[in-house]
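These protein sequence lines are chains A and B, in that order. Quick note: the first sequence, position 248, residue 261 per the working numbering, numbers continuous. Quick note: the second sequence, position 264, residue 277 per the working numbering, numbers continuous. A virtual CB, placed ideally from N, CA and C, is assigned to each residue, including glycine. Data first, discussion second: the structure below is written as structure tokens.
There are 2 protein chains.
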Amino acid sequence: MSKLPSLKNLSYLLALHQHQNFNRAAQACNVSQSTLSSGIQNLEEQLGCQLIERDHKSFLFTGMGEEVVEQARRILTSTEELLYFAQSQGKIMEGPLRLGCIPTIAPFLVGPLTKQLQVDHPKLQLNIREDTTDNLLHLLRNGELDVLVLALPVDLQGNQSYVLGRDPFKLVMHQSMADNLHEPVQYNQLPDNSIFLLEKEHCLTGHAVAACELADSTKINPFTATSLHSLVQMADARLGATFIPQMAIDRGILNGTDLVALQPTGQQASREIGLVYRPTTNRRQTFRRLAEFIAQLLPEPLLK
Amino acid sequence: MSKLPSLKNLSYLLALHQHQNFNRAAQACNVSQSTLSSGIQNLEEQLGCQLIERDHKSFLFTGMGEEVVEQARRILTSTEELLYFAQSQGKIMEGPLRLGCIPTIAPFLVGPLTKQLQVDHPKLQLNIREDTTDNLLHLLRNGELDVLVLALPVDLQGNQSYVLGRDPFKLVMHQSMADNLHEPVQYNQLPDNSIFLLEKEHCLTGHAVAACELADSTKINPFTATSLHSLVQMADARLGATFIPQMAIDRGILNGTDLVALQPTGQQASREIGLVYRPTTNRRQTFRRLAEFIAQLLPEPLLK
DNA sequence: AACCTTAATTAGTATTTCCGATTATAGTAA
DNA sequence: TTACTATAATCGGAAATACTAATTAAGGTT
Numbered sequence: 014m015s016k017l018p019s020l021k022n023l024s025y026l027l028a029l030h031q032h033q034n035f036n037r038a039a040q041a042c043n044v045s046q047s048t049l050s051s052g053i054q055n056l057e058e059q060l061g062c063q064l065i066e067r068d069h070k071s072f073l074f075t076g077m078g079e080e081v082v083e084q085a086r087r088i089l090t091s092t093e094e095l096l097y098f099a100q101s102q103g104k105i106m107e108g109p110l111r112l113g114c115i116p117t118i119a120p121f122l123v124g125p126l127t128k129q130l131q132v133d134h135p136k137l138q139l140n141i142r143e144d145t146t147d148n149l150l151h152l153l154r155n156g157e158l159d160v161l162v163l164a165l166p167v168d169l170q171g172n173q174s175y176v177l178g179r180d181p182f183k184l185v186m187h188q189s190m191a192d193n194l195h196e197p198v199q200y201n202q203l204p205d206n207s208i209f210l211l212e213k214e215h216c217l218t219g220h221a222v223a224a225c226e227l228a229d230s231t232k233i234n235p236f237t238a239t240s241l242h243s244l245v246q247m248a249d250a251r252l253g254a255t256f257i258p259q260m261a262i263d264r265g266i267l268n269g270t271d272l273v274a275l276q277p278t279g280q281q282a283s284r285e286i287g288l289v290y291r292p293t294t295n296r297r298q299t300f301r302r303l304a305e306f307i308a309q310l311l312p313e314p315l316l317k
Numbered sequence: 014m015s016k017l018p019s020l021k022n023l024s025y026l027l028a029l030h031q032h033q034n035f036n037r038a039a040q041a042c043n044v045s046q047s048t049l050s051s052g053i054q055n056l057e058e059q060l061g062c063q064l065i066e067r068d069h070k071s072f073l074f075t076g077m078g079e080e081v082v083e084q085a086r087r088i089l090t091s092t093e094e095l096l097y098f099a100q101s102q103g104k105i106m107e108g109p110l111r112l113g114c115i116p117t118i119a120p121f122l123v124g125p126l127t128k129q130l131q132v133d134h135p136k137l138q139l140n141i142r143e144d145t146t147d148n149l150l151h152l153l154r155n156g157e158l159d160v161l162v163l164a165l166p167v168d169l170q171g172n173q174s175y176v177l178g179r180d181p182f183k184l185v186m187h188q189s190m191a192d193n194l195h196e197p198v199q200y201n202q203l204p205d206n207s208i209f210l211l212e213k214e215h216c217l218t219g220h221a222v223a224a225c226e227l228a229d230s231t232k233i234n235p236f237t238a239t240s241l242h243s244l245v246q247m248a249d250a251r252l253g254a255t256f257i258p259q260m261a262i263d264r265g266i267l268n269g270t271d272l273v274a275l276q277p278t279g280q281q282a283s284r285e286i287g288l289v290y291r292p293t294t295n296r297r298q299t300f301r302r303l304a305e306f307i308a309q310l311l312p313e314p315l316l317k
């Protein structure tokens with residue numbers, strides 16, 4: 014069996030990939046340029062393949078180089094996790110925790126969550142990143158995030174999850190439009206093109222359409238919004254109706270508007286919120302505890 | 014950030030865990046006992062915690078030590094995979110492949126599979142281990158196996174899978190017992206205690222009972238067998254009936270007996286066969302290809 | 001009591017890693 | 001053209017590390 018590549022050299026490769034420049038990468042690693050350079054060469058020799066194509070002045074990662082970077086990132090992440098886990102003696106709810114959250118949850122969760130955690134677990138350093146489901150799953154996979162808060166169902170791509178609770182959808186529209194409607198609202202009472210949704214990148218769109226049984230797409234306005242706050246503004250301007258999760262309403266997203274929230278059609282007109290983590294994690298206990306915290310902040314907690 | 018533990022020291026720890034003896038572990042690593050000893054101490058210092066409890070004469074892994082071993086195993090496995098992946102230039106269907114298979118599939122799959130692979134992919138070194146679903150999943154998780162052939166559904170514990178096909182169950186009994194039965198066989202026509210099954214460790218038992226809608230447990234004989242071949246022997250001795258998968262019948266498990274295979278009750282009286290692998294693998298292409306090979310050998314292939 | 005086995009320790013050696021300086025190459029500005 | 005800048009590779013020596021053999025210490029066995 015040939016010798017394993019060293020973690021140090023793998024980290025050099027990652028830095029080089031990130032900075033795309035030997036000097037800056039070396040600086041980031043606190044080593045000299047020559048050290049990093051020979052580290053990479055060493056790695057190429059051990060792996061028996063070319064990782065970067067050089068042309069005296071510059072370089073480019075090969076396909077294999079990119080692949081190796083991906084895997085090296087996972088290996089280094091696991092090792093860092095092991096180090097942290099051991100150093101903290103397996104204590105839960107301590108140290109840095111990088112949490113990813115989708116944009117239709119984050120603004121309504123982050124505030125109360127951080128406040129609560131600061132009181133109960135001051136040693137936990139919560140670091141939050143807001144992005145789409147797909148991007149977050151990628152970052153989780155690569156070890157750039159530790160745990161995600163997503164709306165389910167979603168293809169977990171081999172990750173594991175705790176179900177935290179449900180978040181009902183409400184059909185939100187201007188007071189003046191709601192006068193002659195009965196709950197749950199039948200969509201055929203609404204004019205065509207009168208329902209506004211988020212861009213398709215947001216999983217909320219699909220979840221809302223499915224959960225609220227909005228099969229009739231002629232009701233959906235092709236113009237999409239980029240945030241719940243935009244949707245609220247559009248509805249308040251009497252452009253039409255929209256779906257807003259209860260969570261956002263509880264946090265006062267409708268305050269100062271003339272909007273009303275009505276019950277939409279749908280057996281279970283709600284989305285499920287889950288906490289997602291790598292199956293190889295060593296921080297399950299922390300995640301479990303975190304899950305309980307977050308569940309408490311949901312309209313319909315299912316945990317604990 | 015403190016320094017990462019070296020892979021070398023982690024491998025020393027693994028060896029020590031495996032051999033439970035410094036000298037033998039050192040030998041296995043091709044280093045001296047003192048090297049290994051100080052390597053472990055080094056590791057403990059870096060991780061800032063005790064991994065083994067020593068009492069001048071012997072030692073014992075601490076709880077944390079066991080945890081670290083588990084994770085170290087994963088890290089080393091990933092790194093070895095990276096090394097192999099790079100060295101083989103990402104070529105598929107080459108090199109060693111450690112496949113785990115459950116006992117109710119292995120005897121009927123391994124023969125034709127290895128024969129076929131030797132012809133089409135002679136550079137693939139197939140290494141097969143037969144064990145129960147639970148044990149195989151554990152070995153997969155720990156990197157001691159690369160890929161599993163299991164009967165589904167089963168809790169994949171975060172692993173991923175390809176569905177390969179279906180394998181129908183047949184109700185097998187002695188000719189003389191089958192005379193006045195109609196297919197699909199109604200179980201109430203059978204005497205009590207007349208159906209023999211495998212030990213509960215075998216997932217086939219549960220799958221067969223569910224798929225063939227055998228709710229009436231008074232029909233099940235409490236005496237269990239340890240292999241399909243035993244079941245066949247018992248049925249041939251007119252002790253009763255049993256469920257045998259089509260795959261085994263196709264491979265001639267009933268040859269030389271006076272048994273007949275009847276269609277049991279059940280909408281879809283069959284089990285699903287799947288190929289299971291770690292979500293972090295870098296050999297998806299190989300597994301995909303292997304999946305196609307195995308699917309061809311199933312009674313009802315679903316792949317390709 | 002003598003001997004064996006165990007893991008830790010020590011001191012010296014070998015190896016590896018790293019740095020600083022230099023080189024080679026290409027692009028850019030005067 | 002001629003400097004000047006920026007890039008990555010190379011080289012020689014210094015520092016750090018890893019390794020070994022021999023020894024020690026302690027418990028168990030004969």
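- Linking Arg-296/B to Ile-88/A through their CA atoms gives a straight-line distance of about 16 Å.
- Proximity of Met-106/B to chain A, defined by a Cβ-Cβ separation below 8 Å, is not satisfied.
- Among the residues of chain B, those whose CB is under 7 Å from the CB of Val-81/A are Leu-95, Ala-99, following chain order.
- At least one beta carbon of chain A lies nearer than 8 Å to the beta carbon of Cys-62/B.
- Here Ala-254/A has Leu-184, Val-185, Met-186, Met-190, Leu-203, Ser-207, Ile-208, Phe-209, Ala-248 as same chain residues with Cβ atoms under 8 Å from its own Cβ, once five neighbours each way along the sequence are excluded.
- Taken through DSSP and simplified to helix, strand or coil, Ala-250/A comes out as coil.
- Among the residues facing chain A, Ala-85/B is included, as its CB has a counterpart in that chain under 8 Å away.
- By the rule that beta-carbons nearer than 8 Å mark a contact, Ser-240/A does not touch chain B.
- In the structure shown, Gly-287/B falls within a strand segment according to DSSP collapsed to helix, strand and coil.
- If you look at Tyr-200/B, you'll find it isn't in any alpha helix (DSSP H); DSSP assigns it neither H nor E.
- Under a 10 Å Cβ-count criterion, Ser-47/B is classified as exposed, with fewer than 16 other Cβ atoms of the shown protein chains found around its own Cβ.
- A straight line joining the alpha-carbon of Ala-99/B with that of Glu-79/A spans about 11 Å.
- By the neighbour-count criterion, in which 16 or more other beta carbons inside 10 Å mark a residue as buried, His-215/A falls on the buried side.
- Per DSSP, Leu-49/A lies in no beta strand (DSSP E) segment; the continuous alpha helix (DSSP H) that holds it begins and ends at 46-60.
- When the five nearest sequence neighbours on each side are left out, the beta carbons in the same chain lying within less than 7 Å of the beta carbon of Glu-143/B are those of Cys-114, Pro-116, Ala-119, in order along the chain.
- For a Cβ distance threshold of 9 Å, nothing in chain B lies close to Pro-116/A: the least Cβ distance comes to about 26 Å.
- Put simply, the CB of Pro-18/A is near chain B, with a gap under 8 Å to one of its CB atoms.
- At a Cβ-Cβ threshold of 8 Å, Pro-197/B and Gln-281/B do not count as neighbours.
- At a cut-off of 8 Å between beta carbons, Ile-53/B makes no contact with chain A.
- Beta bridge pairing from DSSP links Val-162/B with Cys-114/B, Leu-288/B.
- Annotation: Ser-101/A is outside any beta strand (DSSP E) and is labelled neither H nor E by DSSP.
- In this model, Tyr-97/B and Ala-221/B are separated by some 40 Å (Cα to Cα).
- Straight-line spacing of the CA atoms in Asp-68/A and Asn-155/A works out to 29 Å.
- Judged by DSSP in its simplified three-state form, Asn-155/B adopts coil rather than helix or strand.
- DSSP places Gly-219/B in the helix class (H, G or I) of the three-state scheme.
- When DSSP states are grouped into helix, strand and coil, Lys-232/B belongs to the helix group.
- The three-state reading of DSSP puts Thr-255/B in strand, counting E and B together.
- Gly-178/B counts as buried, since at least 16 other C-beta atoms from the protein chains shown sit within 10 angstroms of its C-beta.
- C-alpha of Thr-293/B to C-alpha of Val-160/B: approximately 12 Å in a straight line.
- A residue is called buried once 16 or more other Cβ atoms fall within 10 Å of its Cβ, and Lys-70/B, having fewer, is exposed.
- For Gln-170/B, at least one C-beta of chain A is nearer than 8 Å to its own C-beta.
- Under the three-state reduction of DSSP, Arg-264/A is assigned to coil, being neither helix nor strand.
- A residue is called buried once 16 or more other Cβ atoms fall within 10 Å of its Cβ, and Pro-258/A is buried on that count.
- The beta-carbon distance between Leu-95/A and Ala-28/B, rounded to whole angstroms, is 17 Å. This is too long to meet the 8 Å contact definition.
- At a cut-off of 8 Å between beta carbons, Pro-292/B contacts chain A.
- Residues of the same chain with a CB within less than 6 Å of the CB of Tyr-175/B, apart from the 5 flanking positions on each side, are Leu-288, Ala-304 in chain order.
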